[in-house]
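**Q** Per our numbering: the sequence shown ends with 902, consecutive numbering throughout. Sharing a structure, written as structure tokens. Questions coming.
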Amino acid sequence: MKILVSADMEGATGVTWPADVLPGTPQWERCRAMFTSDVNAAALGFYDGGADEVLVNEAHWSMRNLLLEELDDRVQMLTGRHKSLSMVEGIQHGDVDAVAFIGYHTGAGAEGVLAHTYLANSITGVWLNGVRASEGLLNAHVAAEYGVPVILVTGDDLTCKDAELYAPAARMVAVKDHVSRYAAVCRTPARTAADIRAAASEATALAVRHAPVTTGDGYTVQLEFDAEHLAAAATVVPGVARDGERRVAYTSGTMYEGIRTFKAVTTIVSSAVEEQYG
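As structure tokens, then:
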């Protein structure tokens, strides 16, 4: 049994504001340890539950945040940027039985600690086939296309509520309770590690591949930005068209194509953001 852990940082224990997740800051250095603790707890729980292999895919910012030396020796970690499927890289090879979303958060335009979708700002909303989409929802659809279930989600309490929409059978662990985008009531690393490990152990029973989920109508993604020129910039990507003054949309036949186009759009848009005015 092989479990893929997609590890993001905004939803990690103790994380509440931008400096906590911005590589190079003193706060980031401090929070890396708590982020690593969450991920290691999930891995230990999966091993407790009978998993044979755990692959951790670094999914935050530079994708070089976790402390490899603090992980259980059985764990393997995929670190670094420029991966075909970004946050769920590794799921496409046919040997993953389940995926866990550790340290996740709610989507752009929604309530939640450090809520966003791929870009820290600039994007004010994302919709997949008309449903407001977090990174979790987008990645869950990619996983479903490969027959891989989402079995564990950790983050703030609103992230767990969001996960009920795309992974209702998964185990959920709230490591903090949302107060505002930059504030939360946090539990200690010792407590969250215990909670995550227990939930992961239980979740291992859900690691059963299913038939790939596809839709004949494809996947339509809409993105809304905080400035008109960003929508214009996004249309450089083939297939992406204006869908309003600050909106664009595109349709892909598969979520593999859909998430790759999404990645291209966000890369182009981030390069079009100017200092101060955005």
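C-beta atoms are modelled at their ideal positions from N, C-alpha and C, and glycine is treated no differently. All of these numbers come straight from a predicted model, not from anything done at the bench.
On the DSSP letters alone, give me the boundaries of the beta strand (DSSP E) that residue 812 sits inside.
**A** Here residue 812 belongs to no beta strand (DSSP E), and DSSP marks it neither H nor E.
**Q** Going by Cα to Cα distance, which pick from 788, 710, 779 and 705 is closest to residue 880?
**A** Checked all of 788, 710, 779 and 705; the closest Cα to residue 880 is 710.
**Q** Which two residues bound the contiguous beta strand (DSSP E) that contains residue 680?
**A** From DSSP, the beta strand (DSSP E) with residue 680 extends over 677 to 682.
**Q** Among 737, 764, 701 and 752, whose alpha-carbon lies nearest the alpha-carbon of residue 725?
**A** The shortest Cα separation from residue 725 among 737, 764, 701 and 752 belongs to 764.
**Q** List the endpoints of the continuous beta strand (DSSP E) containing residue 779.
**A** Run containing residue 779: 774 to 780, per the beta strand (DSSP E) assignment.
**Q** Does the Cβ-Cβ distance between residue 748 and residue 849 come in under 9 Å?
**A** Closer than 9 Å, so yes.
**Q** Suppose the cutoff is 7 Å on Cβ atoms and the five residues either side in sequence are ignored; what does the same chain contact list for residue 902 look like?
**A** Once the five neighbours on either side are set aside, the close Cβ partners of residue 902 are 746, 850 and 851.
**Q** Cutting at 7 Å between CB atoms, please list the residues of its own chain near residue 730, excluding the five before and the five after it.
**A** Same-chain partners within the cutoff: 736, 739, 758, 782, 783 and 786.
**Q** Excluding sequence positions up to five away, which residues of its chain have a Cβ less than 8 Å from the Cβ of residue 715?
**A** Around residue 715: 628, 709, 723, 766, 767, 770 and 772.
**Q** I'd like to check one pair, residue 649 with residue 657: are the Cβ atoms closer than 9 Å?
**A** Going by C-beta atoms, residue 657 is not nearer than 9 Å to residue 649.
**Q** Report all residues from its chain with a CB closer than 8 Å to the CB of residue 890; omit the five preceding and five following residues, and keep chain order.
**A** Excluding residues within five positions, the ones whose Cβ falls inside 8 Å are 742, 743 and 747.
**Q** Per the DSSP calculation, residue 751 is bridged to which residue(s)?
**A** Looking at the DSSP assignment, residue 751 forms a beta bridge with 756 and 846.
**Q** Does the region 664 to 672 come into contact with the region 684 to 698, if we say contact requires no fewer than three beta-carbon pairs (one atom in each stretch) closer than 8 Å?
**A** Yes, the region 664 to 672 touches the region 684 to 698.
**Q** State the Cα-Cα distance for the pair residue 682 and residue 853, rounded to the nearest angstrom.
**A** Straight-line Cα distance between these residues: approximately 31 Å.
**Q** Measuring alpha carbon to alpha carbon, tell me which of 670, 690 and 678 ends up nearest residue 659.
**A** The option with the nearest alpha carbon to residue 659 is 690.
**Q** Can you round the beta-carbon distance between residue 799 and residue 778 to whole angstroms, since I take them to be within the 8 Å contact cut?
**A** Yes, residue 799 and residue 778 are in contact; Cβ-Cβ is about 6 Å, under 8 Å.
**Q** Please report the distance separating the alpha-carbon of residue 892 from that of residue 625.
**A** Answer to the nearest angstrom: the Cα atoms are 38 Å apart.
**Q** Quick one, which of 776, 705 and 897 has its alpha-carbon nearest residue 673's?
**A** Measuring from the Cα of residue 673, the nearest candidate turns out to be 776.
**Q** When you compare only the Cα positions, how much space is there between residue 804 and residue 780?
**A** Approximately 11 Å, taken between the alpha carbons.
**Q** Assuming residue 667 is part of the alpha helix (DSSP H), what are its boundary residues?
**A** Run containing residue 667: 650 to 672, per the alpha helix (DSSP H) assignment.
**Q** Is residue 707 helix, strand or coil when you go by DSSP?
**A** The answer is coil: DSSP assigns residue 707 none of H, G, I, E or B.
**Q** What is the DSSP secondary structure of residue 853, reduced to helix, strand or coil?
**A** Note: residue 853 maps to helix in three-state DSSP.
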